[in-house]
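What follows is a short report on a single structure.
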Amino acid sequence: MNGWVVLLWSIVAALVLIVAGVFGAMVVMGKISFGPEPTVSVAPSSPETSAPTLDTSYAVLVLNATTVDNLAATVRDSIVTAGFPETAVIASNADATDFPQTTVYFQNPEDQAAAEALAGLIGGAQVLQSDVYADDVVEGQKQLTVVIGLDRVPADAPAEEQPPADEQPPAEDASADTTAEGTADSTADATAGAEADASGDATAE
1308 MNGWVVLLWS IVAALVLIVA GVFGAMVVMG KISFGPEPTV SVAPSSPETS
1358 APTLDTSYAV LVLNATTVDN LAATVRDSIV TAGFPETAVI ASNADATDFP
1408 QTTVYFQNPE DQAAAEALAG LIGGAQVLQS DVYADDVVEG QKQLTVVIGL
1458 DRVPADAPAE EQPPADEQPP AEDASADTTA EGTADSTADA TAGAEADASG
1508 DATAE
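Offset between the sequence shown (1-based) and the numbering used here: plus 1307.
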C-alpha cells in the first residue's frame, strides 16, 4: 500500500514540475503577462505627393539651342510617343546655340502643372513662366515651349567644325595696298611734273 502512495505522489510531483516549467517558459517568452498590455503607437503615414498629370491638350514647340543636330527632333519624338498629337508638336532651331539649361516655358499660372509634367516627361528641366512664346504651333491653342540647352548635349558630341584654311576667305594685305597707293601717287606726281615742264618750254618758245 505504501508503495502505491509513494508512486502516486511521485507522479503528482512530476506533473507539477512539468506544468511549472511550461508556465515559466511562457512567462519568459512573453506569452503570459501579469501587467497591462503595452500600447503600440503607429505614426500616421504622410500622404504621397502625386506627380502632375500629363496634359496632351497643349501644343508644344521644341527649340534646339545648341550646335548639335537632331536634339529637337529626338525630344519631339518622345513627346509624340507620350500621346501628344503629331500636328501639335513642332521641332525647330533656336536663334541662340549656347543656351545653358533646358527649360520648359509656360504662359499663364494655370499652365504650370502641365509644364512640370512635360519637364518630367523629357527627363527633367527647369520650368519658367514667360509670354515670349505664344501661338507658334497652333493659333489660339495653349502652348508649352521646350528650349533644349547645353546640358542635353552628349559628352561625345563632336565640336563645331571650323572650315579648312584653304576654304577661309583670304585676309586683306594692308601693306600691299599701302605700297600700291604710294606707287600710284608717285607716278601721278611725276606725270604732273613732266606736263608742267613741257608746258613751260612751249611758252618760252
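Heads up, the beta-carbon is just placed ideally off N, CA and C, and yes, glycines get one too.
Looking at the unbroken alpha helix (DSSP H) that takes in residue i, where does it start and where does it end?
i, result
"Val1382", "1378-1388"
"Ala1422", "1419-1428"
When the Cα atoms are used, what is the spatial distance from residue i to residue j?
i, j, result
"Asp1442", "Ala1420", "19 Å"
"Met1333", "Leu1314", "29 Å"
"Ile1455", "Ala1358", "22 Å"
"Trp1316", "Ile1325", "14 Å"
"Leu1451", "Val1439", "11 Å"
Which two residues bound the contiguous beta strand (DSSP E) that contains residue i?
i, result
"Phe1413", "1410-1413"
"Val1454", "1450-1455"
"Leu1361", "Counting along the chain, Leu1361 falls outside any beta strand (DSSP E), and DSSP gives it neither H nor E."
"Ala1366", "1366-1371"
"Val1396", "1396-1400"
"Val1434", "1433-1436"
With a cut-off of 8 Å, does the C-beta of residue i fall near any C-beta of chain C?
i, result
"Leu1322", "Included in the structure is just one protein chain, with no chain C present."
For the putative contact between residue i and residue j, defined by C-beta atoms under 8 Å, what is the C-beta separation to the nearest angstrom?
i, j, result
"Val1453", "Leu1370", "7 Å"
"Tyr1412", "Leu1428", "Not really, about 15 Å apart at Cβ, beyond 8 Å."
"Thr1373", "Gly1390", "Incorrect: roughly 26 Å between the Cβ atoms, too far for contact."
Among residues of its own chain, excluding the 5 on either side of residue i, which ones have a beta-carbon nearer than 6 Å to its beta-carbon?
i, result
"Ser1437", "Tyr1412"
"Glu1468", "Residue placement at Glu1468 is flagged as unreliable, the pLDDT there being 47, under the threshold of 50; the coordinate-derived value follows with that caveat. Correct list: empty, nothing qualifies."
Within a Cβ cutoff of 8 Å, which residues of the same chain sit near residue i, ignoring the five residues on either side of it in sequence?
i, result
"Ser1385", "Leu1428, Ile1429"
Once the 5 residues before and after residue i are set aside, which same chain residues still bring their CB inside 7 Å of it?
i, result
"Ala1327", "none"
- Item | Stretch-stretch touch, CB-based, cutoff 8 Å, three pairs: the region 1433-1449 with the region 1375-1388 | Touching, no, given that fewer than three Cβ pairs across the two stretches are closer than 8 Å.
- Task: Could you say if the region 1406-1420 and the region 1389-1397 meet the contact criterion of at least three C-beta pairs nearer than 8 Å?
- Result: no
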